[in-house]
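Residue numbers (this note's numbering): 406 to 1166.
Each residue gets a CB set at the ideal place from its N, CA and C atoms; glycine is no exception.
Predicted, not measured: the structure shown is a model, and the values here were computed from it.
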Amino acid sequence: MERMRFTVRGVVQGVGFRPFVYALAADLALAGHVANTGDGVVGEVEGTPAALARFRTRIATDAPPLAVVESVRTERVPARGGTGFTIRESARGPARTLVSPDVATCDACLAELRDPTDRRFRHPFITCTHCGPRFTIVTGLPYDRAATTMVRFPLCDACAAEYADPTDRRFHAQPIACPDCGPTLRLVRPGRRDAVGEDALAACRAMLAEGAVVAVKGLGGYHLACDATDETAVRALRKRKDRGDKPFAVLAADLDTARGLAEIDADAAELLTGPRRPIVLAHTLGRLAPAVAPGGPDLGVMLPYTPVHHLLLESPGPLVLVCTSGNLSGEPIVTDDAQAFDRLAALADAWLCHDRPIHVPCDDSVVRVVAGAELPYRRSRGYAPFPVPLATPVRPALAVGGDVKNTFCVADGRYAWLSGHVGDMNDVATLTAFDAARAHLERLTGVAPEVLVTDAHPRYQSRAWADRNAAGRPVLRVQHHHAHVASAMAEHGHDGTTPVLGVAFDGTGYGDDGAVWGGEFLLCDYDSYRRVGHLAYVPLPGGDAAVRNPYRMALSHLRAAELDWTGDLPCVAAAGPADLALLSRILDTGTGCVPTSSMGRLYDAVASLAGVRHRVGYEAQAAIELEGAARVGTDDGRYRFALDGGIADAAPVLAAVVDDLRLGTAVSRIAARFHGAVVALVADVATAVRADTGVETVALSGGVFCNELLTTGCADALAARGFRVLRHRRVPPNDAGLALGQLVVAARLAGHQDKEATRCV
Ligand code: ZN
Ligand code: ZN
Ligand code: FE
406 MERMRFTVRG
416 VVQGVGFRPF
426 VYALAADLAL
436 AGHVANTGDG
446 VVGEVEGTPA
456 ALARFRTRIA
466 TDAPPLAVVE
476 SVRTERVPAR
486 GGTGFTIRES
496 ARGPARTLVS
506 PDVATCDACL
516 AELRDPTDRR
526 FRHPFITCTH
536 CGPRFTIVTG
546 LPYDRAATTM
556 VRFPLCDACA
566 AEYADPTDRR
576 FHAQPIACPD
586 CGPTLRLVRP
596 GRRDAVGEDA
606 LAACRAMLAE
616 GAVVAVKGLG
626 GYHLACDATD
636 ETAVRALRKR
646 KDRGDKPFAV
656 LAADLDTARG
666 LAEIDADAAE
676 LLTGPRRPIV
686 LAHTLGRLAP
696 AVAPGGPDLG
706 VMLPYTPVHH
716 LLLESPGPLV
726 LVCTSGNLSG
736 EPIVTDDAQA
746 FDRLAALADA
756 WLCHDRPIHV
766 PCDDSVVRVV
776 AGAELPYRRS
786 RGYAPFPVPL
796 ATPVRPALAV
806 GGDVKNTFCV
816 ADGRYAWLSG
826 HVGDMNDVAT
836 LTAFDAARAH
846 LERLTGVAPE
856 VLVTDAHPRY
866 QSRAWADRNA
876 AGRPVLRVQH
886 HHAHVASAMA
896 EHGHDGTTPV
906 LGVAFDGTGY
916 GDDGAVWGGE
926 FLLCDYDSYR
936 RVGHLAYVPL
946 PGGDAAVRNP
956 YRMALSHLRA
966 AELDWTGDLP
976 CVAAAGPADL
986 ALLSRILDTG
996 TGCVPTSSMG
1006 RLYDAVASLA
1016 GVRHRVGYEA
1026 QAAIELEGAA
1036 RVGTDDGRYR
1046 FALDGGIADA
1056 APVLAAVVDD
1066 LRLGTAVSRI
1076 AARFHGAVVA
1086 LVADVATAVR
1096 ADTGVETVAL
1106 SGGVFCNELL
1116 TTGCADALAA
1126 RGFRVLRHRR
1136 VPPNDAGLAL
1146 GQLVVAARLA
1156 GHQDKEATRC
1166 V
């Protein structure tokens, strides 16, 4: 007999790892014990050398579905004899292990939920080792019931027996409960008695069917829900939430229902029904109330991921609900019950809530399938706090991200943990939420940052936060687009020593020369970048006003291209005489105009010029609608940028659009030709840079690459010319992915470490 101590690291807590070890030990007739510790899953096994060897292999290869085994360390210890295998109490200690993201209700639980003979028949909080809340209820490590918000629900005898039975699916499943010992579902309606349990569900369904807006407590926060086929109800929600035209996502009862709403291919179906259950963006079939996504070419769809959702989406009652974050526009999602009653008072007609607290907020994730691969727009519930492995070790660091769509990132060694969606840092409540989420993630990961990293923008709130909270630690700055490109390199496992050509297209980022950058070609490694090309500067007339009013960008681009503002052009008509006079003056004098190379703004300009959208109610609306138009048009390569020494002048493109408008060319064709011109520009610049430098890898990053048509167009064109293309699959291309790039640029252990992290050469 021999004895072996083992330590398993990775995502191994909250995923049924100890029961798995227990069963494995029983199978191999091994004696010993196992426990969760701050180091991971740790234990000892004793048996024949052959059995120990098999244990050593199978502990990695046969691990439970939600587990990710990063490493298995073993060492021989003196044999002690003994029989039987035990799961020991968790040992406290410095935490350095990974907590699972929240997981959608599994099939086994769903079957029980629908089985009238099961003791959890229709129990709204059914979970097991393979599913249920994790990240959002964990208050500390090691992961045990005492370190979750379920601590207030002592297990009844029946649940305790399952919890203690190594052969049960709920063996050591921390969040389990049943109708006798678990949380209670409650419908709160102003001026009426609360309804509880089944009555709450029935009353809630009835209210939704009548057009009410109900605040529904989910995994990571409250949603606001209403019948997605009821135009009056959806409009009411839109108005109350001050939402403008920004599309709502919907929660559909099942996959068949979802297929009736949008074009769901096999890859999208897999994401919709998988354990992460993000919102999947797909081309809409336009079957819901128009107010769900006014004018938008896409619909965001998700399927039920909690038992409450499954029970709520039953007939009689709506089978498709608008399901939007419970918050006022711009504020963080509401998680606390008292806050939900207070802050959502003007938005909801009732509250479907329960008494299991949410420890940290976690918004729904948003993804799209692009050419068979996942393209994340927002990486939150189901994904956070799953780490991104790094090819190059970093010192303990916190990168605070950007100011819009903020996420932050903590890292140490070869792991980076990106936070879930935090929000807009210009909102005071968001800053508070940022700090709470940061403290929680640092606690769960055990990272004690020695370095802070921020964007280089002098007026970013995220940067100001880092400066205020540095406490003597160095604060390093990383240029915005360098961070975008580095995030794509990092998620593809680059160690940052070999340069790539980064194509960073977005709306806004602070440039080294004080201009607003956003149409950048950067030759990057992690240490430095060289700006080898960019869109030619045009004035950004009036900052925010130019962003809200794409016609202003159209006029600025026309002026830069020396094209007249004639009344037959849709953008000129949209501006009106007063604004034309004002714009003419500020463009002539340059007052309030910052130069910009933004690709996002060029999309705005072309959208307005083509008559697609002159004023936007939400970010990227004009570009999204231009892409929608382009999907039904064909490109014949007619539009070309003028390229001179890496400077891409859009003037010939603008002139061609004006010509097409006067010829009566269809908007879809104009939109498609414009997309084709941007694709050709990317391929041409890449080819020229390769001729100069030999660089054959191109990274596509920045929010403009949320555009499916552009992303696939660029990837195909580059591949056809023999380039290796890095496009985002794990981290969003928009500013929600910025923090990862900041981190690898500034916190890498190898290489130099200047005070100013980014070097422009
Ligand atoms: Zn389950
Ligand atoms: Zn129970
Ligand atoms: Fe950006």
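Reduced DSSP category for residue i - H, G, I as helix; E, B as strand; rest coil
i: Ala500; result: Only weak support is given to the placement of Ala500: the predicted model assigns it a pLDDT of 49, under 50, and the value that follows is read from those uncertain coordinates. It is coil, neither helix nor strand.
i: Phe490; result: strand
i: His688; result: strand
i: Phe460; result: helix
i: Val1021; result: coil
i: Thr797; result: strand
i: Arg648; result: coil
i: Gly624; result: Reading off the sequence shown, one finds Leu at residue 624, where the question assumed Gly. Coil at Leu624, not helix or strand.
i: Val639; result: helix
i: Cys728; result: strand
i: Ala751; result: coil
i: Arg882; result: strand
i: Ser495; result: coil
CA-to-CA distance, residue j to residue i, given in whole angstroms
i: Ala694; j: Ile492; result: 54 angstroms
i: Leu590; j: Gly602; result: 5 angstroms
i: Gly901; j: Ala821; result: 15 angstroms
i: Gly807; j: Cys561; result: 47 angstroms
i: Leu629; j: Ala986; result: 44 angstroms
i: Arg1135; j: Ser989; result: 44 angstroms
i: Ala500; j: Leu1131; result: For Ala500, the predicted structure reports a pLDDT of 49, less than 50, and the residue's modelled location is therefore unreliable. A value from the coordinates is still provided. Going from the Cα of Ala500 to the Cα of Leu1131 covers about 34 angstroms.
i: Thr634; j: Leu690; result: 13 angstroms
i: Asp670; j: Val771; result: 16 angstroms
i: Leu435; j: Cys536; result: 28 angstroms
i: Pro1167; j: Val474; result: Nothing about residue 1167 can be read from this structure; the chain reaches only from 406 to 1166.
i: Lys1160; j: Val858; result: Because Lys1160 sits at a pLDDT of 45, beneath the cut-off of 50, its placement in the model cannot be relied upon, and the point is left open.
i: Pro863; j: Lys810; result: 18 angstroms
i: Val439; j: Asn874; result: 40 angstroms
i: Phe926; j: Val1150; result: 17 angstroms
i: His759; j: Glu719; result: 19 angstroms
i: Asp1140; j: Leu1048; result: 28 angstroms
i: Asp1121; j: Asp1089; result: 13 angstroms
i: Pro790; j: Leu836; result: 20 angstroms
i: Arg519; j: Gln1026; result: 42 angstroms
Start-to-end residues for the alpha helix (DSSP H) that takes in residue i
i: Asp872; result: 866-873
i: Met894; result: 885-896
i: His759; result: Segment 755-759 is the beta strand (DSSP E) holding His759; no alpha helix (DSSP H) there.
N-terminal and C-terminal residue of the beta strand (DSSP E) that residue i is part of
i: Asp632; result: 627-632
i: Phe526; result: From DSSP, Phe526 is part of no beta strand (DSSP E); its letter is neither H nor E.
i: Thr859; result: 856-860
i: Ala778; result: 778-783
i: Gly705; result: 703-707
i: Ser1106; result: 1102-1106
i: Leu592; result: 590-593
i: Ala694; result: That residue, Ala694, is in no beta strand (DSSP E); it is neither H nor E in DSSP.
Nearest-angstrom beta carbon gap, residue j and residue i [assumed within contact, 8 angstroms]
i: Ser495; j: Thr442; result: 7 angstroms
i: Glu1030; j: Ala1012; result: 6 angstroms
i: Leu940; j: Met1004; result: 6 angstroms
i: Val799; j: Ala816; result: 5 angstroms
i: Ala1034; j: Val1063; result: Rounded, the Cβ-Cβ distance is 17 angstroms, inconsistent with contact.
i: Gln579; j: Arg550; result: 4 angstroms
i: Pro723; j: Leu592; result: Wrong, their Cβ atoms sit about 16 angstroms apart, outside the cutoff.
i: Leu974; j: Leu1014; result: 7 angstroms
Those residues which DSSP pairs with residue i across a bridge
i: Glu1001; result: In the sequence as displayed, the identity of residue 1001 is Thr instead of Glu. Per DSSP, Val921, Val943.
i: Ala1047; result: Asp1054
i: Phe910; result: Gly924
i: Val473; result: Val416
i: Trp822; result: Val815
i: Glu449; result: Arg410, His438
i: Val905; result: Cys929
i: Gly443; result: Gly443 is not bridged to any residue.
i: Ala804; result: Cys814, Val858
i: Cys1111; result: In the DSSP output, where bridge partners are listed per residue, Cys1111 has none listed.
i: Val508; result: Gly537
Residue i CB to nearest heavy atom of ligand 5 below 7 angstroms
i: His528; result: In terms of ligand content, the structure shown lacks ligand 5 and carries ligand 1, ligand 2 and ligand 3 instead.
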